[in-house]
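Peer 1:
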Amino acid sequence: MTQVMIQMEDELSKELHQVCEDIGLPVSAAFLIFAKRVARDRKIPFELSAAPDPFDAPRNMEHLRRSIAQLNAGQGTEHELIEDTADA
């Protein structure tokens, strides 16, 4: 039998363990299922895509950081909410 070590971020590991616990499946069994499926089907058992969620895109994250910095520096612009104008 071969032992495989996988490194991942702590938060991802916690989420993975929680999901597997909710299903009633040890994490090692989840990875074994994945490995057997890859070996049997000769492909990854889910679609891989190069198109990331646009919210998490580096360009958007940088825009958000700049916007937060502007707000923290008191350079924000106040706007009325759509709900507020509907009541007028």
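Under the working numbering, residues 2 to 89 are what the sequence shown spells out, in order.
Built from N, CA and C at the ideal position, the CB exists for glycine as well.
Tell me whether R41 sits in a helix, a strand or coil according to DSSP, three-state version.
Peer 2: Correct three-state label for R41: helix.
Peer 1: Assuming contact is defined by CB atoms lying nearer than 7 angstroms, are A31 and C21 in contact in what I supplied?
Peer 2: yes
Peer 1: Between which two residues does the alpha helix (DSSP H) harbouring H64 extend?
Peer 2: P59 to N73
Peer 1: Can you find the residues in the same chain that come closer than 8 angstroms, C-beta to C-beta, to L13, ignoring five residues on each side of it along the sequence?
Peer 2: none
Peer 1: Under a three-way DSSP split, which group does E84 fall into?
Peer 2: Here E84 sits in helix by DSSP.
Peer 1: Could you tell me which whole alpha helix (DSSP H) segments of length 4 or greater appear in the segment 5-39?
Peer 2: 11-24
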